[in-house]
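Enquirer: Okay, handing you the structure first.
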Amino acid sequence: MPDWFRRRSDKQSNGEEANTPVNSAKAIPEGAFTKCAKCGTILYSKDFLRDLKVCSKCGYHHRLTAEERIAFTVDENSFVERDRMFFADDPLNFPDYATKLEQGGKTGRNDGLVTGTARINGNLCAIGIADFGWGRLAGTMGSVMGEKFVRLADFAIEKHLPVVLFAASGGARMQEGLLGLMQMAKTSAAIQQLAEAKIPYIVILTDPTTGGALASFASLGDVIYAEPGATVAFAGDRVAQQAQTHKPPANYKTAEFYFDHGLVDKIVSRKDLPSILGRTLSFFARGMGARPAMPSDAREAA
Amino acid sequence: MDKMNVLEFEQSIAKLDHTIQQLEKAAARENRPDATAEIAALQAERDALFQQFFSRLDAWDEVLLSRHVERPYTLDYISRITEDFIELHGDRLFGDDGAMVGGMATIGGKPVVIIGQQKGRDLKERQKRNFGYAKPEGYRKALRLMQMAERFGHPVVTLVDTPGADSNVPSEERGIGEAIARNLREMSGLKTPIVSVIIGEGGSGGALGIAVADRVLMLEHAIYSVIAPEGCAAIIWRDPARGADAAKAMRVTAKDALALKLIDEVLPEPMGGAHRDLETTANTLREALIQHLATLQEISIKELTRQRYSRLRSMARIKE
Numbered sequence: 001m002p003d004w005f006r007r008r009s010d011k012q013s014n015g016e017e018a019n020t021p022v023n024s025a026k027a028i029p030e031g032a033f034t035k036c037a038k039c040g041t042i043l044y045s046k047d048f049l050r051d052l053k054v055c056s057k058c059g060y061h062h063r064l065t066a067e068e069r070i071a072f073t074v075d076e077n078s079f080v081e082r083d084r085m086f087f088a089d090d091p092l093n094f095p096d097y098a099t100k101l102e103q104g105g106k107t108g109r110n111d112g113l114v115t116g117t118a119r120i121n122g123n124l125c126a127i128g129i130a131d132f133g134w135g136r137l138a139g140t141m142g143s144v145m146g147e148k149f150v151r152l153a154d155f156a157i158e159k160h161l162p163v164v165l166f167a168a169s170g171g172a173r174m175q176e177g178l179l180g181l182m183q184m185a186k187t188s189a190a191i192q193q194l195a196e197a198k199i200p201y202i203v204i205l206t207d208p209t210t211g212g213a214l215a216s217f218a219s220l221g222d223v224i225y226a227e228p229g230a231t232v233a234f235a236g237d238r239v240a241q242q243a244q245t246h247k248p249p250a251n252y253k254t255a256e257f258y259f260d261h262g263l264v265d266k267i268v269s270r271k272d273l274p275s276i277l278g279r280t281l282s283f284f285a286r287g288m289g290a291r292p293a294m295p296s297d298a299r300e301a302a
Numbered sequence: 303m304d305k306m307n308v309l310e311f312e313q314s315i316a317k318l319d320h321t322i323q324q325l326e327k328a329a330a331r332e333n334r335p336d337a338t339a340e341i342a343a344l345q346a347e348r349d350a351l352f353q354q355f356f357s358r359l360d361a362w363d364e365v366l367l368s369r370h371v372e373r374p375y376t377l378d379y380i381s382r383i384t385e386d387f388i389e390l391h392g393d394r395l396f397g398d399d400g401a402m403v404g405g406m407a408t409i410g411g412k413p414v415v416i417i418g419q420q421k422g423r424d425l426k427e428r429q430k431r432n433f434g435y436a437k438p439e440g441y442r443k444a445l446r447l448m449q450m451a452e453r454f455g456h457p458v459v460t461l462v463d464t465p466g467a468d469s470n471v472p473s474e475e476r477g478i479g480e481a482i483a484r485n486l487r488e489m490s491g492l493k494t495p496i497v498s499v500i501i502g503e504g505g506s507g508g509a510l511g512i513a514v515a516d517r518v519l520m521l522e523h524a525i526y527s528v529i530a531p532e533g534c535a536a537i538i539w540r541d542p543a544r545g546a547d548a549a550k551a552m553r554v555t556a557k558d559a560l561a562l563k564l565i566d567e568v569l570p571e572p573m574g575g576a577h578r579d580l581e582t583t584a585n586t587l588r589e590a591l592i593q594h595l596a597t598l599q600e601i602s603i604k605e606l607t608r609q610r611y612s613r614l615r616s617m618a619r620i621k622e
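Keeping their order, the protein sequence lines are chains A and B.
To convert, note that position 252 of the first sequence is 252 in my numbering; the numbers rise steadily by one, no gaps.
Just remember that my numbering sits 302 ahead of the position in the second sequence, which is counted from 1.
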């Protein structure tokens, strides 16, 4: 086995490393081959990218950075980012939090949630994309994520745009204590505002969506799609506080399990997402155009 | 401090109490009025011990107090603060959850819907109450009752006391995340006043699922936390035994929550904690509820929901 080959696979054997951001343009010079993080199959990097980082052997949908998600989903050059210029505080002086924020900051972004506007198959929408790897904070929701979410909702209401949200989060951010927990209520309240303004809210559950994220913004879509095989669970593996009294099925805590139990509308492969999302947006847009949002006051008076 | 320190501390109190009792009995039997001074001295010693211990409680002591085996639970309060409670059962979808109780009642003569998580005292009741871990049907029952209150113009009171929401297989199957999420969304827009009181353990999303409110109060020795301290320690230090460090780092006490402006008021408990004088604690709770409900009912529904949203909207600590 040639040296370059071994080095690459050693690095890739660590699950976390396999998911570190790889800029599409730079990926190939780093290694001609990529190992699937799930089944271990060695894939030709060029093919792996062409397949949108889905393993051609086992179908595993690898985690994406926000940049990759944008590149794979929205119309070329249509994404315009918003709300980049505010940053997380460390109100509790929580151990190591400042270091992690600094690490995340090196990506040039203020949080794991990237927000903005984009077109998907021609349909303009407000979009939020969670980047699980940001700052090694497991995509958790703190003040910045909550605030970006709410500002995106405000903007969507103001411009009458549908909202598309790619979820990937370990839950509320414990480094912000109770303030982290409150972001669950805050984002859910913003979704109530969207509903009252008759703004469609479309969620795509991606790997992994767990805990406080699933118990707030990720479960409240008018439509909820999920990528195949994504971990979807209320209790992530590291927070199993209680002894399980029931034997879990084989697909426990996956998108498919949630689909089986009526909690997800449709499992959608990555390659089909632009088309499905485009059609979904177009369906709602026709409603939004034909019958503008009725002020809730007018409805109450009626 | 030792993990068991609250219980150890209570043991020395119990020893003193026992001695005082014996002395009192002996004094009465042998007609020894001179024992009075001795008894008074012991009582003073006991009170000083209380003062000393309670003046330097740390976050972990508060965690232990909030979980104290004798700590009053939701139904203990409901029977004391309401006049005529009728418990209502079931979510009309799947079943009835013993860990979540609710129903109609009056407080100070005024109708309210009152809801809360319920823990059990003995093994049998603990199983029935699932140790206070509410299931999807619990959150859905709570929402059903809240929407009933909204429909008929009555305010909602919730009493929060849970280690967290149930996360066993059947709860995942029935969408525990969705049930909590829906409550958060619906409560944020509920067209009637809501007052929530954290009476014991405010355990993460499971607590928040009935605690989106116009006023959030905490009993002095209750805790409110984004994740159980043991869970936080398991993730950060891979050592669940470091719960005390996690409790401190996450600032889980009532005082902390008030300082962070995430709650409105801390309700004082009697010396030694709510379980040492349930009647006094219940009275404090009742008075606070009457006062807050009266204030909230002066506000128009439109203004109330606007204020509730803007309160949630402002919960952020960011640097621009």
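Where a beta carbon is used, it is the ideal one built from N, C-alpha and C, also for glycine.
Is the beta carbon of HIS456(B) closer than 8 Å to that of VAL415(B)?
Expert: yes
Enquirer: May I have the straight-line CA-CA distance separating ILE478(B) from LYS253(A), to the nearest angstrom?
Expert: 12 Å
Enquirer: From THR73(A), ALA195(A), GLU76(A) and GLY104(A), pick the residue whose C-alpha is nearest to that of PHE284(A); which is it?
Expert: ALA195(A)
Enquirer: Going by the CB atoms, is the gap between ASP360(B) and LYS550(B) shorter than 8 Å?
Expert: yes
Enquirer: VAL472(B) CB to nearest chain A CB: under 8 Å?
Expert: Position check: residue 472(B) holds Pro in this sequence, whereas Val was assumed. Contact of PRO472(B) with chain A is assigned, a C-beta pair being separated by under 8 Å.
Enquirer: For GLN103(A), decide whether its Cβ has a neighbour in chain B, counting only Cβ atoms nearer than 8 Å.
Expert: no
Enquirer: Between GLY479(B) and chain A, is there a C-beta pair that is closer than 8 Å?
Expert: Chain A contact via Cβ: present.
Enquirer: Whole angstroms are fine: how far does the CA of GLY418(B) sit from the CA of GLY180(A)?
Expert: Cα to Cα, GLY180(A) sits roughly 23 Å from GLY418(B).
Enquirer: Can you list, in chain order, the residues of its chain whose CB lies under 6 Å from that of ALA118(A), leaving out five sequence neighbours each side?
Expert: VAL74, SER78, PHE79 and ILE127
Enquirer: Ignoring anything shorter than 3 residues, give me the beta strand (DSSP E) runs that lie fully in the segment 536–575 of chain B, in order along the chain.
Expert: Counting whole runs of 3 or more residues, the segment 536–575 of chain B contains the beta strand (DSSP E) stretches 567–569.
Enquirer: Leaving out five residues before and five after MET174(A) in sequence, what residues of the same chain have Cβ atoms less than 7 Å from its Cβ?
Expert: GLY180
Enquirer: Going by beta carbon distance, what residues of the same chain come within less than 8 Å of ALA98(A), once the five residues before and after it are set aside?
Expert: ASP90
Enquirer: Are at least three pairs of beta-carbons, each pair with one atom in the segment 159–170 of chain A and one in the segment 208–219 of chain A, less than 8 Å apart?
Expert: yes
Enquirer: Alpha carbon to alpha carbon, how far is ASP131(A) from GLU300(A)? Give it in angstroms, no decimals.
Expert: Only weak support exists for where GLU300(A) lies, its pLDDT of 39 falling under 50; the value from the coordinates is given anyway. Cα to Cα, GLU300(A) sits roughly 40 Å from ASP131(A).
Enquirer: If I measure Cβ to Cβ from SER13(A) and keep anything under 6 Å in the same chain, skipping five residues before and after, which residues do I get?
Expert: Below a pLDDT of 50, predicted positions are generally treated as unreliable, and SER13(A), at 37, falls in that range; no measurement from the model is reported.
Enquirer: Is there a C-beta anywhere in chain B that falls below 8 Å from the one on GLU147(A)?
Expert: yes
Enquirer: Determine the extent of the alpha helix (DSSP H) in which ARG394(B) is found, giving its start and end residues.
Expert: First-last for ARG394(B): undefined, no H or E at that position.
Enquirer: Thinking PRO465(B) and ALA530(B) are a contact (beta carbons under 8 Å), I'd like their distance in whole angstroms, please.
Expert: So it is a contact: roughly 6 Å between Cβ atoms.
Enquirer: Which value, in whole angstroms, describes the spacing of the CA atoms of PRO21(A) and THR245(A)?
Expert: Bear in mind that a pLDDT of 40 at PRO21(A), under 50, signals an unreliable position, so the number given afterwards is only what the model happens to contain. Whole-angstrom Cα-Cα distance: 38 Å.
Enquirer: Examine the Cβ distances between the segment 57–64 of chain A and the segment 37–49 of chain A and report whether three or more of them are shorter than 8 Å.
Expert: yes
Enquirer: For the beta strand (DSSP E) containing PHE166(A), list its first residue and its last residue.
Expert: 163–169
Enquirer: Going by the CB atoms, is the gap between THR376(B) and LEU461(B) shorter than 8 Å?
Expert: When the beta-carbon positions are compared, LEU461(B) and THR376(B) come within less than 8 Å of each other.
Enquirer: What's the call for ASN470(B), buried or exposed, on a 16-neighbour Cβ count within 10 Å?
Expert: buried
Enquirer: With 8 Å as the limit, tell me which residues of the segment 525–545 of chain B have their beta carbon closer than that to any beta carbon of chain D; keep them in chain order.
Expert: The structure shown contains no chain D; its protein chains are A and B.
Enquirer: Restricting to Cα atoms, I'd like to know which of GLY122(A), HIS160(A) and ALA172(A) is closest to THR140(A).
Expert: ALA172(A)
Enquirer: Classify GLN324(B): buried if its beta carbon has 16 or more other beta carbons within 10 angstroms, exposed otherwise.
Expert: exposed
Enquirer: Taking a cut of 8 Å between CB atoms, which residues from the segment 352–375 of chain B lie near chain A?
Expert: The residues in question: there are none.
Enquirer: Which of helix, strand or coil does DSSP assign to HIS61(A)?
Expert: strand
Enquirer: Give me, in chain order, the residues of the same chain whose beta-carbon lies closer than 6 Å to that of GLY545(B); leave out the 5 immediate sequence neighbours on both sides.
Expert: Answer for GLY545(B): PRO531, GLU532 and ALA535, listed in chain order.
Enquirer: In terms of alpha-carbon separation, which member of GLN354(B), THR494(B), ARG517(B) and LYS443(B) lies closest to SER314(B)?
Expert: GLN354(B)
Enquirer: Could you compute how far the alpha carbon of ALA556(B) sits from the alpha carbon of LEU205(A)?
Expert: 35 Å
Enquirer: Sort ALA213(A), THR41(A) and GLY108(A) by Cα distance to ALA66(A) and report the nearest one.
Expert: Selected option, being the one with the closest Cα: GLY108(A).
Enquirer: Please go through the same chain and pick out, in chain order, the residues whose beta-carbon is closer than 6 Å to the beta-carbon of THR338(B), but skip the five residues on each side of it.
Expert: none
Enquirer: If contacts are defined as beta-carbon pairs under 8 Å, then LYS266(A) and LEU52(A) qualify, I think. What distance do you get, rounded to the angstrom?
Expert: The C-beta distance from LYS266(A) to LEU52(A) rounds to 18 Å, too long to meet the 8 Å contact threshold.
Enquirer: By Cβ distance, which residues of its chain are closer than 7 Å to GLN345(B), with the 5 residues on each side in sequence left out?
Expert: ILE322
Enquirer: Around the C-beta of ALA235(A), are 16 or more other C-beta atoms found within 10 angstroms, so that it is buried, or is it exposed?
Expert: buried
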